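Asker:
Chains as they are written, first to last, in the working numbering: chain A, 16 to 275; chain B, 13 to 79.
(1) Tell me the DSSP secondary structure of residue 136 of chain A in three-state form.
(2) Can you tell me whether residue 172 of chain A is buried or exposed? The criterion is at least 16 other CB atoms within 10 Å of its CB, across all chains shown.
(3) From the DSSP output, read off the bridge partner residues of residue 76 of chain A.
(4) My assumption, with CB atoms under 8 Å, is that residue 210 of chain A sits in contact with residue 229 of chain A. Please give the rounded CB distance.
(5) Where does the unbroken alpha helix (DSSP H) through residue 42 of chain B begin, and where does it stop?
(6) Mind reading off the beta-carbon distance from residue 43 of chain B to residue 90 of chain A? Whole number of angstroms is fine, and I expect it under 8 Å.
(7) Any Cβ of chain B within less than 8 Å of the Cβ of residue 83 of chain A?
(8) Taking its Cβ as the centre, do 16 or more other Cβ atoms sit within 10 Å of residue 58 of chain A, making it buried, or is it exposed?
(9) For residue 136 of chain A, would you say it is in contact with chain B, using Cβ-to-Cβ distances shorter than 8 Å as the test?
(10) List, in order along the chain, the chain B residues whose C-beta lies closer than 7 Å to that of residue 278 of chain A?
(11) For the alpha helix (DSSP H) holding residue 122 of chain A, just list the boundary residues, first then last.
(12) Taking the straight line between their C-alpha atoms, what separation do you get for residue 235 of chain A and residue 40 of chain A?
(13) May I ask you to report which of helix, strand or coil DSSP gives residue 167 of chain A?
(14) Would residue 142 of chain A pass as an interface residue toward chain B - the criterion being a Cβ-Cβ separation below 8 Å?
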């Protein structure tokens, strides 16, 4: 492989009955290929390092259109494979110096990939986000507000402000406790659960607090039960948003891969 | 960039959203904080999620300012 191109890795599956990458395009419109080794198959495409090298990438990651197109292209490949066979997605923008390195990876980490594949076989990832309205705050204690102490507009303002802060803290505490309960309950129906960082309101486009951004790996047979549980939790208040099924992105980790 | 027909039908049957309709922010949660992280002869991999996120925030802010 020449030094001006790299091998972009999308997803790894068992080398049996996986769909042919025929006609699918990967990132930057590059044609998808399959590399098979040791009973595993890796889906890859050759990418120009002028775009996927370290330096250009630092600039590209600042470009939302580029990121959008690249993330969706990556996702499209993962979906096409994962919808047909158990598949372990790889993190966005994982670029090897060549095909031999990918073959080497399949060989060296064969057992780890098989373990990861076993873990997600017959299971799907579901996302559940919970929102709480910060405006729905706990009313400040009336007695406290009317209480003695210094009078005058300054002191009243400070008291009111403190009460406001207290009620906001209290609302946050309640929301956090609820998030904890919702997560535990969903995780109990799932094989595994994981909390992603709450999305920034600028990215989610929502003003409410996102108190939970959870991912759950659910057995296919328990899917109906999981959805029912989401509905029940929804009935207890707060807004729950269910997304999926996802390829098992949040649960794709090789045992010593350094994932949380 | 569309799915080949049979695959699209399969996705629809499973209730999966086509890649174009998935919320980018949900996708980035998974693509930047999930997925297998492999080391070795890598030219590059996105490991530093925080840096990436900060960049996106800055970018979005700048987009808003332009409007």
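Cβ atoms here follow ideal geometry from the backbone N, Cα and C, with glycine treated the same way. Keep in mind that this is a model prediction, so the values were computed, not measured.
Answerer: On the basis of the data shown:
(1) Stepping through the first chain from its first residue, residue 136 of chain A is reached at position 121. Coil, per DSSP.
(2) Here residue 172 of chain A refers to the residue found at position 157 when the first chain is read from its first residue. Under this definition residue 172 of chain A is an exposed residue.
(3) By 1-based counting over the first chain, the position of residue 76 of chain A is 61. Paired residue(s): none; residue 76 of chain A is not in a bridge.
(4) The residue labelled residue 210 of chain A in the question sits at position 195 within the first chain. The residue labelled residue 229 of chain A in the question sits at position 214 within the first chain. So it is a contact: roughly 5 Å between Cβ atoms.
(5) Within the second chain, the letter at position 30 stands for residue 42 of chain B. Segment 36 to 45, the alpha helix (DSSP H) holding residue 42 of chain B.
(6) To locate residue 43 of chain B, count along the second chain from 1; it is residue 31. To locate residue 90 of chain A, count along the first chain from 1; it is residue 75. Rounded, the Cβ-Cβ distance is 7 Å, consistent with contact.
(7) As a working note, residue 83 of chain A is residue 68 in the first chain. Cβ-Cβ to chain B under 8 Å: yes for residue 83 of chain A.
(8) Position 43 of the first chain, counted from the first residue, corresponds to residue 58 of chain A. Label assigned to residue 58 of chain A: buried.
(9) Counting from one through the first chain, the residue named residue 136 of chain A turns up at place 121. Judged by the 8 Å Cβ criterion, residue 136 of chain A is not in contact with chain B.
(10) It is not possible to answer for residue 278 of chain A, since the shown part of chain A is limited to 16 through 275.
(11) As a working mapping, residue 122 of chain A is identified with position 107 in the first chain. Start and end: 114 to 123.
(12) Against the first chain, residue 235 of chain A aligns to sequence position 220. Against the first chain, residue 40 of chain A aligns to sequence position 25. Looking at the two C-alpha atoms, the distance is approximately 29 Å.
(13) For the purposes of this step, residue 167 of chain A is taken as residue 152 along the first chain, with counting starting at 1. Reduced to three states, the DSSP call for residue 167 of chain A is coil.
(14) As a working note, residue 142 of chain A is residue 127 in the first chain. True, the Cβ-Cβ gap to chain B drops below 8 Å.
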